[in-house]
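Only one structure is covered here, and it is reproduced in the block below.
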Ligand code: NAP
Ligand code: ZN
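Numbering (the numbering used here), first residue to last: 7 to 352.
This is the structure:
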């Protein structure tokens, strides 16, 4: 079927309305009528060529919420009318050790990204800035009833990307967690770490968003532009989640970790990050990374958010505002996720 979409025609070029083809619904497929699509900084990195060549035209969008419009004959998990979500991944081999372990995002054959990836049939995947999408049912999440669907869209990437390292590294009572960067991922990290019971500190470039940070659940808020911050907070944190989309001073942040503390990088800047190994040796510290989460883990995160009444703080926009939204994200002027009202896209 032919559907409306917004696509970037080439690297660094503004997105424009277009139409794209969606495949027929196969036996294990779900046709989703998209209601909301979040704008992730990864969409911008991709479109701007930060991560290398892309198969343009690219329809970004991997924070998708909508309703099931049709299902293939073999689909049992989802039925027409269900509210569902799709994140950053629409396929993986399903057979390798990582897939069997629930880490489909680390599939040894390579997971199939929701956009700008190569699908099983050889076509290029196209993402959520469109009215409909056809997805393998195994990669479709159930969005719990209690969640506002527009505020739930960003959970599919920003939510799971921060939930996974927080959970796996024991964020909870008596643990001091710092979140670097208060954007889309950062504000979710604050909400989630707070709900898990941790003591949460925001490290933002300035104090401009301090009130917001405290309202979102942070206990403390400091500006990284103030050199004093790095002196005062030395050896303080058990876990630091770095969500910054640009390079940071890794050593300065590592020195904020207590013994055995870990700095988990989820930000994915275009440029390399480097560090002095003594920042790790001194304090048995770890420097780690993490990419989204597995399918079961993503469902667990959605259920956790429903239980704790957590959604993203969003600015709902119409499709013709996408390019301006990109500019504002690049200027760190996002509070705290732009979500496209896909009804404006047709
Ligand atoms: P975002 O909304 O733009 O948030 C990034 C925040 O980083 C900004 O709001 C800003 O916070 C801070 N920042 C930006 N430029 C900075 C600079 N030059 N120096 C210091 N701080 C700066 O982006 P996002 O959507 O949350 O994504 C963040 C990063 O994570 C991107 O690189 C994205 O590609 C990546 N990502 C990774 C995964 C994964 O699986 N690992 C998943 C999704 C996204 P303050 O104003 O508070 O300083
Ligand atoms: Zn994303």
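Backbone N, C-alpha and C define an ideal beta-carbon position, used for all residues, glycine too.
To which residues of the same chain is residue 20 closer than 7 Å at the C-beta, ignoring the five residues directly before and after it? Counted from its first residue, the chain shown places residue 20 at position 14. For residue 20, where only same-chain residues beyond five positions count, the Cβ hits under 7 Å are 329.
Under 9 Å between the Cβ atoms of residue 311 and residue 163? The residue given as residue 311 occupies position 305 in the chain shown. The residue given as residue 163 occupies position 157 in the chain shown. No. Outside cutoff.
Heavy atom of the ligand NAP less than 8 Å from the Cβ of residue 254, yes or no? Along the chain shown, one-based indexing puts residue 254 at 248. Checking the Cβ of residue 254 against the ligand NAP gives yes.
Proximity test, Cβ basis, 9 Å: residue 340 and chain C: This model lacks chain C altogether; it includes just one protein chain.
Quick check: does the Cβ of residue 74 come within less than 8 Å of any heavy atom belonging to the ligand NAP? As a first step, residue 74 is located in the chain shown; it is residue number 68 there, counting from the start. No, the Cβ of residue 74 stays beyond 8 Å of every heavy atom of the ligand NAP.
Between residue 197 and residue 183, what straight-line distance do the alpha-carbon atoms span, to the nearest angstrom? Looking up residue 197 in the chain shown gives position 191. Looking up residue 183 in the chain shown gives position 177. Looking at the two C-alpha atoms, the distance is approximately 12 Å.
Going by the DSSP bridge assignment, what does residue 27 pair with across the sheet? The residue labelled residue 27 in the question sits at position 21 within the chain shown. Looking at the DSSP assignment, residue 27 forms a beta bridge with 8.
Is the segment 28-48 touching the segment 340-352, taking contact as three or more C-beta pairs under 8 Å? yes
Ignore the nearest five residues each way along the sequence and tell me which others in residue 127's own chain have a CB closer than 8 Å to its CB. Along the chain shown, read from residue 1 onward, the residue named residue 127 stands at position 121. So the list reads 29, once near-sequence residues are dropped.
Under the criterion of a Cβ to heavy atom distance below 8 Å, does residue 207 qualify as lining the ligand NAP? As a position in the chain shown, residue 207 is number 201, starting the count at 1. Checking every heavy atom of the ligand NAP against the Cβ of residue 207, none is found closer than 8 Å.
Quick check: residue 91 and residue 71, are their CB atoms within less than 9 Å of each other? Counted from its first residue, the chain shown places residue 91 at position 85. Counted from its first residue, the chain shown places residue 71 at position 65. Yes.
Return yes when the C-beta of residue 323 is under 8 Å from any heavy atom of the ligand NAP, and no when it is not. As a first step, residue 323 must be located in the chain shown, where it is residue number 317. No, the Cβ of residue 323 stays beyond 8 Å of every heavy atom of the ligand NAP.
Flag this pair as yes or no: are the beta carbons of residue 223 and residue 258 separated by less than 9 Å? One-based indexing of the chain shown puts residue 223 at position 217. One-based indexing of the chain shown puts residue 258 at position 252. Against a cut-off of 9 Å, the Cβ pair of residue 258 and residue 223 comes out as no contact.
According to DSSP, is residue 228 part of a helix, a strand, or is it coil? Taking the chain shown and counting its residues from 1, the one referred to as residue 228 is at position 222. Strand at residue 228.
Could you spell out the range, first to last residue, of the alpha helix (DSSP H) harbouring residue 68? The residue labelled residue 68 in the question sits at position 62 within the chain shown. It is not in any alpha helix (DSSP H) - residue 68 carries neither H nor E in the DSSP assignment.
Please classify residue 69 as buried or exposed, where buried requires at least 16 neighbouring CB atoms within 10 angstroms. Locating residue 69 in the chain shown gives position 63, counting from the first residue. When all chains shown are included, residue 69 counts as buried.
Nearest candidate by alpha-carbon position, reference residue 65, set 101, 26, 193: In the chain shown, counting from the first residue as 1, residue 65 sits at position 59. When each option's Cα is compared against that of residue 65, the closest is 26.
Alpha-carbon to alpha-carbon, residue 185 and residue 15: Against the chain shown, residue 15 aligns to sequence position 9. Against the chain shown, residue 185 aligns to sequence position 179. Going by the C-alpha atoms only, they are around 35 Å apart.
Count the other CB atoms, across all protein chains shown, that sit within 10 Å of the CB of residue 287; report buried if there are 16 or more and exposed otherwise. By 1-based counting over the chain shown, the position of residue 287 is 281. Flag for residue 287 reads exposed.
I need the DSSP call for residue 45, collapsed to helix, strand or coil. For this step, residue 45 is matched to residue 39 along the chain shown. Three-state DSSP puts residue 45 in coil, outside helix and strand.
Excluding the 5 residues preceding and the 5 following residue 265 in the sequence, name in chain order all residues of the same chain whose CB lies nearer than 6 Å to its CB. On the chain shown, position 259 is the one that residue 265 refers to. Within the same chain, residue 265 has close Cβ partners 289, 290.
Going by the CB atoms, is the gap between residue 246 and residue 268 shorter than 9 Å? In the chain shown, counting from the first residue as 1, residue 268 sits at position 262. In the chain shown, counting from the first residue as 1, residue 246 sits at position 240. Yes; because the gap between Cβ atoms is below 9 Å, this pair is in contact.
What does the alpha-carbon distance come out to for the pair residue 244 and residue 205? What you label residue 244 is simply residue 238 of the chain shown in a count that begins at 1. What you label residue 205 is simply residue 199 of the chain shown in a count that begins at 1. If I take the Cα positions, the gap works out to 10 Å.
Could you tell me which residues DSSP puts in a beta bridge with residue 142? Along the chain shown, one-based indexing puts residue 142 at 136. DSSP output for residue 142 lists 35 as bridge partner(s).
Whole angstroms is fine: what's the gap from residue 324's alpha carbon to residue 283's? Against the chain shown, residue 324 aligns to sequence position 318. Against the chain shown, residue 283 aligns to sequence position 277. Computed Cα separation, rounded: 47 Å.
Other residues of its chain near residue 280: CB distance less than 8 Å, five sequence neighbours each side excluded: The residue labelled residue 280 in the question sits at position 274 within the chain shown. Only 256 meet the Cβ criterion.
Mapping DSSP to helix, strand and coil, what is residue 268? Along the chain shown, one-based indexing puts residue 268 at 262. Correct three-state label for residue 268: strand.
Give the range of the alpha helix (DSSP H) segment to which residue 1 is assigned. Since the first and last residues shown for the chain are 7 and 352, residue 1 lies out of range.
At a threshold of 8 Å, does residue 49 count as lining the ligand ZN (C-beta to nearest heavy atom)? Numbered from 1 along the chain shown, position 43 holds the residue referred to as residue 49. Result yes, Cβ under 8 Å from the ligand ZN.
CA-to-CA distance, residue 187 to residue 337, given in whole angstroms: Within the chain shown, numbered from 1, the residue matching residue 337 stands at position 331. Within the chain shown, numbered from 1, the residue matching residue 187 stands at position 181. Between residue 337 and residue 187, the C-alpha separation is close to 13 Å.
Could you give the DSSP three-state label for residue 262: helix, strand or coil? Sequence index remark: in the chain shown, residue 262 carries index 256 (1-based). Coil.
For the ligand ZN, is there any heavy atom lying closer than 8 Å to the beta carbon of residue 350? Taking the chain shown and counting its residues from 1, one reaches residue 350 at position 344. No, Cβ of residue 350 sits at least 8 Å from all heavy atoms of the ligand ZN.
Residue 212 versus residue 249: straight-line alpha-carbon distance, rounded: Here residue 212 refers to the residue found at position 206 of the chain shown. Here residue 249 refers to the residue found at position 243 of the chain shown. So the two alpha carbons sit approximately 15 Å from each other.
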